[in-house]
Amino acid sequence: MPSETKKEGAQVRIVLMTVFLAYMGQMILNPIIAPLSREMGLEEWHIGAAISLAAITLACLSQFWGRRSQIVGPKRIFIISMCVGSLALASFAALAWLGIRGIWVGPGLVTGVILTRGLLYGSGISAIFPTTQTYFVTHANSEAQRVKLLGASGAAQGLATIVGGVVGGALAATGGLLLPVSVMPSLMIIGVLVVAFFFKPESAQSRLDHPKKIVYRDPRAFPFLVADFILFLAFSSMQTLLGFAIQDRFGLNSSSTAGITSAVMVVLSVSMVAMQGGIVPRLHWNSQRLLRNGLLLTTIGMACLLPSSSYILLFAGSIAGGLGIGMAIPGYNTGPTMALSADEQGSMAGLINANNGVTYAIAPILSTSVYGWNTAAPFIAIIVLIACATAFSFLHPLLRNKG
Numbered sequence: 022m023p024s025e026t027k028k029e030g031a032q033v034r035i036v037l038m039t040v041f042l043a044y045m046g047q048m049i050l051n052p053i054i055a056p057l058s059r060e061m062g063l064e065e066w067h068i069g070a071a072i073s074l075a076a077i078t079l080a081c082l083s084q085f086w087g088r089r090s091q092i093v094g095p096k097r098i099f100i101i102s103m104c105v106g107s108l109a110l111a112s113f114a115a116l117a118w119l120g121i122r123g124i125w126v127g128p129g130l131v132t133g134v135i136l137t138r139g140l141l142y143g144s145g146i147s148a149i150f151p152t153t154q155t156y157f158v159t160h161a162n163s164e165a166q167r168v169k170l171l172g173a174s175g176a177a178q179g180l181a182t183i184v185g186g187v188v189g190g191a192l193a194a195t196g197g198l199l200l201p202v203s204v205m206p207s208l209m210i211i212g213v214l215v216v217a218f219f220f221k222p223e224s225a226q227s228r229l230d231h232p233k234k235i236v237y238r239d240p241r242a243f244p245f246l247v248a249d250f251i252l253f254l255a256f257s258s259m260q261t262l263l264g265f266a267i268q269d270r271f272g273l274n275s276s277s278t279a280g281i282t283s284a285v286m287v288v289l290s291v292s293m294v295a296m297q298g299g300i301v302p303r304l305h306w307n308s309q310r311l312l313r314n315g316l317l318l319t320t321i322g323m324a325c326l327l328p329s330s331s332y333i334l335l336f337a338g339s340i341a342g343g344l345g346i347g348m349a350i351p352g353y354n355t356g357p358t359m360a361l362s363a364d365e366q367g368s369m370a371g372l373i374n375a376n377n378g379v380t381y382a383i384a385p386i387l388s389t390s391v392y393g394w395n396t397a398a399p400f401i402a403i404i405v406l407i408a409c410a411t412a413f414s415f416l417h418p419l420l421r422n423k424g
């Protein structure tokens, strides 16, 4: 038994490392995306469109990948996913190089960016979360264990944001905007090698021939999906606008914008990682309580991000928002799984990922368009959205009936 437990722990760590490497390939881009897009001659909505297309693709494919991981096993899905992702990021890096040098400009460049960073990347990354959640949920024996494992998965993503933000900002400061873009694909290739050589999941006997499919309006999951849809709609809008807002509010150049944006993202992500990986498992709260209180804390954090020239409010909002989101996500990811059978978990994991993905399809292009019209309006809307989600979580019977 001890040796079996040790083996399971080793496999969990490998999955978490895979999640870290897969998402870090993307997170390196986040602190430099605003100045990079402007150096390439792109408008804000072009990047918004690419992110939105990636999210639409993710939303369309997530349930497929979640259920497929229960049919063929997680190892094969991880490898396929990261191979596609590395190809997408390498293609985007080539386009960035051509765009900055003025070799390829205009509609052709815009189309290339949207297809590589949007369609191709979305196809690859869409498999990571549902495959990870399905693997963890089907190996956990209690709600507390699911909260812990899914919190660890979220912490791995948060850690990728931290390291990616630091690395992206540092590489941009020392070698220009093209250096971090060139590094991104190699991280996913390393992830492929980690899975191929070290991940040894259970035998084929535990796979399913026909896993069940969950619909969005399933009453066991619907309230959780509604609350988190609103949360992620607000959160994805904030993430998209952050670099543009920092550059405009403080009058910074491209390099300074990348540095400050990187620092804010690190603070936000450290808060999320600390909450998901350290605080949540020690609270021993059920999923409903985590979701409710996480949304409340997020509302406070987002209120601090209203337009101002205060670095103190900017970083305070990042801390409070990170803690709140880090508390809400494990509750949301775990809550709907508790009423489902094992053969429904792949579909549920995909539905959760698709739910989040839809918000990233809507928010970037909508928020950047509104930001171009009025720089304060999208941040006011973010606060209203989070406040509505908080009220819903305290009022709906399924979300307030425990803890």
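If you count the sequence shown from 1, position 35 lands on 56 in the working numbering, and the numbers rise without skipping.
Think of the CB as a built atom: it goes at the ideal place given N, C-alpha and C, for glycine as much as any other residue.
Cβ-Cβ distances below 6 Å link residue 325 to 334, 337 and 338 in the same chain, with the five nearest sequence neighbours on each side left out; the list follows chain order. Going by beta carbons, residue 204 and residue 192 fall inside the 8 Å limit.
Relative to the Cα of residue 323, the nearest Cα in the group 259, 282, 352 and 312 belongs to 259.
Within the same chain, Cβ atoms closer than 7 Å to the Cβ of residue 413 are found at 247 and 248, the five residues on either side in sequence being excluded. Within the same chain, and ignoring the five residues on either side of residue 111 in sequence, the residues whose Cβ sits closer than 7 Å to its Cβ are 206.
When DSSP states are grouped into helix, strand and coil, residue 354 belongs to the helix group. Assignment of residue 126 by DSSP, reduced to helix, strand and coil, places it in the coil class. Per the C-alpha coordinates, the member of 293, 40, 401 and 276 positioned closest to residue 190 is 276.
Here residue 388 is buried. Its C-beta has 16 or more other C-beta atoms within 10 Å.
Exclusion of the five residues before and after residue 119 leaves 125 as the residues of its chain whose Cβ lies within less than 6 Å of its Cβ. For residue 157, the enclosing alpha helix (DSSP H) begins and ends at 149-158.
Distance between residue 158 and residue 299, taken at the CA atoms: about 19 Å.
Using a Cβ distance threshold of 8 Å, residue 33 and residue 180 do not count as a contacting pair. For residue 319, the CB contacts under 6 Å within the same chain, skipping 5 residues up- and downstream, are 342, 345, 346 and 407 in chain order. Taking each of 262, 302, 313 and 142 in turn and checking the Cα distance to residue 278, the smallest one comes out for 262.
Residues of the same chain with a CB within less than 7 Å of the CB of residue 38, apart from the 5 flanking positions on each side, are 215 in chain order. Under the DSSP assignment, residue 392 falls in the alpha helix (DSSP H) whose first and last residues are 366-394. Rounded to whole angstroms, the gap between the alpha carbons of residue 89 and residue 140 is 20 Å. DSSP places residue 253 inside the alpha helix (DSSP H), whose first and last residues are 243-271. Using a Cβ distance threshold of 8 Å, residue 168 and residue 56 do not count as a contacting pair.
Inter-segment contact for the stretch 136-153 and the stretch 73-85 is present: three or more beta-carbon pairs are separated by less than 8 Å.
Taking C-beta separations shorter than 8 Å and ignoring five residues to either side along the sequence, the partners of residue 330 in its chain run 270 and 271, following chain order. In the three-state reduction of the DSSP assignment, residue 77 falls in the helix class, which pools H, G and I. By the neighbour-count definition (other C-beta atoms within 10 Å, threshold 16), residue 236 is an exposed residue.
If you ignore the 5 residues before and after residue 177, its C-beta comes within less than 7 Å of the C-beta of 37, 40 and 41, all in its own chain and listed in chain order.
Here the stretch 364-384 lies against the stretch 70-81, with 3 or more beta-carbon pairs under 8 Å apart.
By the CB criterion at 8 Å, residue 64 and residue 265 fall outside the cutoff. Residue 177: member of the alpha helix (DSSP H) spanning 164-196, first to last residue.
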